[in-house]
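Enquirer: Submitted below is the structure of interest, expressed as structure tokens.
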Amino acid sequence: MTESGFIISRSMSTSKSKSKRLRELIAKGAIMLPGVPNASMARQVERIGFDAVYVSGAGMANATAGIPDIGLLTLTEVVQLAGYVAKAVKIPAIVDADTGFGSLENAARTIRELEAAGLAGCHIEDQEFPKRCGHLAGKSLVDVEEMTERIKAAVAARRDPDFMIIARTDARAVEDFDRTVDRAHRYVEAGADAIFPEALQSAEEFRDFASEIDRPLLANMTEFGKSPLHSFKDLAGFGYRMVIFPQSAFRVSMKATDKFLRGLKKSGTQKEWLDEMQTREELYKLLDYDPTAERWPG
Numbered sequence: 005m006t007e008s009g010f011i012i013s014r015s016m017s018t019s020k021s022k023s024k025r026l027r028e029l030i031a032k033g034a035i036m037l038p039g040v041p042n043a044s045m046a047r048q049v050e051r052i053g054f055d056a057v058y059v060s061g062a063g064m065a066n067a068t069a070g071i072p073d074i075g076l077l078t079l080t081e082v083v084q085l086a087g088y089v090a091k092a093v094k095i096p097a098i099v100d101a102d103t104g105f106g107s108l109e110n111a112a113r114t115i116r117e118l119e120a121a122g123l124a125g126c127h128i129e130d131q132e133f134p135k136r137c138g139h140l141a142g143k144s145l146v147d148v149e150e151m152t153e154r155i156k157a158a159v160a161a162r163r164d165p166d167f168m169i170i171a172r173t174d175a176r177a178v179e180d181f182d183r184t185v186d187r188a189h190r191y192v193e194a195g196a197d198a199i200f201p202e203a204l205q206s207a208e209e210f211r212d213f214a215s216e217i218d219r220p221l222l223a224n225m226t227e228f229g230k231s232p233l234h235s236f237k238d239l240a241g242f243g244y245r246m247v248i249f250p251q252s253a254f255r256v257s258m259k260a261t262d263k264f265l266r267g268l269k270k271s272g273t274q275k276e277w278l279d280e281m282q283t284r285e286e287l288y289k290l291l292d293y294d295p296t297a298e299r300w301p302g
């Protein structure tokens, strides 16, 4: 086997073990998945003790490219950025795969590429392209038949049966709650492993949706959106198995950076900020890097 073939095989093996681990985790109970835009932050998530991590589509677009979350990143870019995260940690990572990046064939390729990059799962949504943040107005949906075909193509394409394909529906903000439930039933019939109802608007809707759908459910606790910020404990009580916090860490870090830059501009020195900084030693520890060693083990 060639060297490149060995690398691909090892990557797929790692992906399979992580995807299986993700399924084992949600079979036992609910898990929190902090969202990250990059691999360094994913390492922090793992070090703190979380069982899984979420690679935010908005985070990748905002933090890496400095662009809004409207589907501007390509599949190649998402695979590369999410792959950095997946390879940096031992815990499972799932990623936002937008609308599947095009046709049914594109959706199938998306699954193959994300599997090979080491991801444990992804979610694909029923918006039309160009997509918008799920908590903004102005979205439009594909019809149910097109989305079910998208799910079927994704399911048929995966090599690893444990790779989790999560169907996200944005119907609550476009149609209504009942149609959101109807769409979710169709997506389950099409083979989705889990359902992600975006932008539900009350505790009652989260509770009632969970009572209607017999699949693992994902809840999105993003700030400043349409959904109230329920606790992980409450959502687990409703029946949700995955709770993501997609932009929380990024928003906190951006707020802190803004304060620092304003202070630096005013004073011309960073001295008063040293206690607020991650030290060089702390960074090296996070990266498993010993500068005195002959080489970094990777």
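Sequential numbering from 5 applies to the sequence shown in my numbering. Think of the CB as a built atom: it goes at the ideal place given N, C-alpha and C, for glycine as much as any other residue.
Closer than 8 Å by C-beta to ILE128: which residues in its own chain qualify, once you throw out the five before and the five after it? Chain order, please.
Expert: For ILE128, where only same-chain residues beyond five positions count, the Cβ hits under 8 Å are ALA101, ASP102, THR103, GLY104, ALA111, THR114, ARG154, ILE155, ALA158, ILE169, ILE170, ALA171 and ARG172.
Enquirer: Do the CB positions of ALA34 and ALA240 come within less than 8 Å of each other?
Expert: Cβ distance < 8 Å, so ALA34 and ALA240 count as in contact.
Enquirer: Tell me which residue opens and which closes the beta strand (DSSP E) that ALA171 is part of.
Expert: Where ALA171 is concerned, the enclosing beta strand (DSSP E) stretches over 168-173.
Enquirer: Spell out the partners DSSP gives LEU222 in its beta bridges.
Expert: Paired residues: MET246.
Enquirer: Out of GLN205, ALA214, ILE98 and GLY63, which has the shortest C-alpha to C-alpha gap to HIS189?
Expert: For HIS189, the nearest C-alpha among the options comes from ALA214.
Enquirer: Check GLY39 in the structure and name its three-state DSSP category.
Expert: GLY39 falls in the strand class under three-state DSSP.
Enquirer: Just to confirm my understanding: we take VAL178, look at its own chain, exclude 5 residues before and 5 after, and list those with CB closer than 8 Å. What are they?
Expert: Taken in chain order, the residues that qualify are LYS143, SER144 and LEU145.
Enquirer: Can you have a look at ARG266 and say buried or exposed, based on whether 16 or more other CB atoms are within 10 angstroms of its CB?
Expert: Label assigned to ARG266: exposed.
Enquirer: Rounded to the nearest angstrom, what separates GLU216 and ASP147 at their Cα positions?
Expert: Cα-Cα distance, rounded: 21 Å.
Enquirer: Under the assumption that GLY39 contacts PRO301 (Cβ atoms under 8 Å), give the Cβ distance between them as a whole number of angstroms.
Expert: So it is not a contact: roughly 28 Å between Cβ atoms.
Enquirer: Look up TYR293 in the DSSP assignment and say whether it is helix, strand or coil.
Expert: TYR293: coil per DSSP, three-state reduction.
Enquirer: By the three-class DSSP mapping on this structure, what secondary structure does HIS189 have?
Expert: Looking at HIS189 - three-state DSSP - the assignment turns out to be helix.
Enquirer: What number of angstroms, rounded off, separates the C-alpha of SER8 from the C-alpha of PHE254?
Expert: Because SER8 sits at a pLDDT of 37, beneath the cut-off of 50, its placement in the model cannot be relied upon, and the following sentence gives the value as read from the coordinates. Going by the C-alpha atoms only, they are around 35 Å apart.
Enquirer: Please say whether TYR244 and LEU222 have beta carbons closer to each other than 8 Å?
Expert: Yes, Cβ-Cβ distance for LEU222 and TYR244 is below 8 Å.
Enquirer: Relative to the alpha-carbon of GLU117, which residue among VAL93, GLN131 and ALA86 has its alpha-carbon at the smallest distance?
Expert: The shortest Cα separation from GLU117 among VAL93, GLN131 and ALA86 belongs to ALA86.
Enquirer: Closest by CA to GLU208, which one among ALA196, MET225, PRO232 and GLU193?
Expert: Selected option, being the one with the closest Cα: PRO232.
Enquirer: Compute the Euclidean distance between the alpha carbons of ILE58 and MET246, then round it to the nearest angstrom.
Expert: It should be noted that the sequence gives Tyr, not Ile, for residue 58. Rounded to the nearest angstrom, the two C-alpha atoms are 10 Å apart.
Enquirer: I'd like the span of the beta strand (DSSP E) that includes ASP180, first residue to last.
Expert: It is not in any beta strand (DSSP E) - ASP180 carries neither H nor E in the DSSP assignment.
Enquirer: One question on the structure: do GLN131 and ARG176 come within less than 8 Å of each other, judged by their Cβ atoms?
Expert: No, these two residues do not count as a Cβ contact at 8 Å.
Enquirer: Which one or two residues does DSSP pair with LEU145 in a beta bridge?
Expert: Answer by DSSP bridge pairing, in chain order: GLN131.
Enquirer: Can the beta-carbon of LYS22 be found closer than 8 Å to that of PRO96?
Expert: In contact: LYS22 and PRO96 (Cβ atoms closer than 8 Å).
Enquirer: Anyone know if the C-beta pair for PHE303 and PHE242 falls short of 8 Å?
Expert: In this structure the chain extends from 5 to 302, so residue 303 is not present and cannot be described.
Enquirer: Nearest by alpha-carbon distance to THR78: which of GLU119, ARG51, GLY70 and GLY106 is it?
Expert: Considering only alpha carbons, the answer is GLY106.
Enquirer: Measure the beta-carbon distance from ALA121 to ALA160 and round it to whole angstroms, keeping in mind my assumption that it falls under 8 Å.
Expert: Not really, about 19 Å apart at Cβ, beyond 8 Å.
Enquirer: Restricting to runs no shorter than 3 residues, where is the beta strand (DSSP E) found entirely within the stretch 225-287?
Expert: You should have 246-249.
Enquirer: If you follow the beta strand (DSSP E) that VAL57 is part of, which residue opens it and which one closes it?
Expert: Per DSSP, VAL57 belongs to the beta strand (DSSP E) from 57-59.
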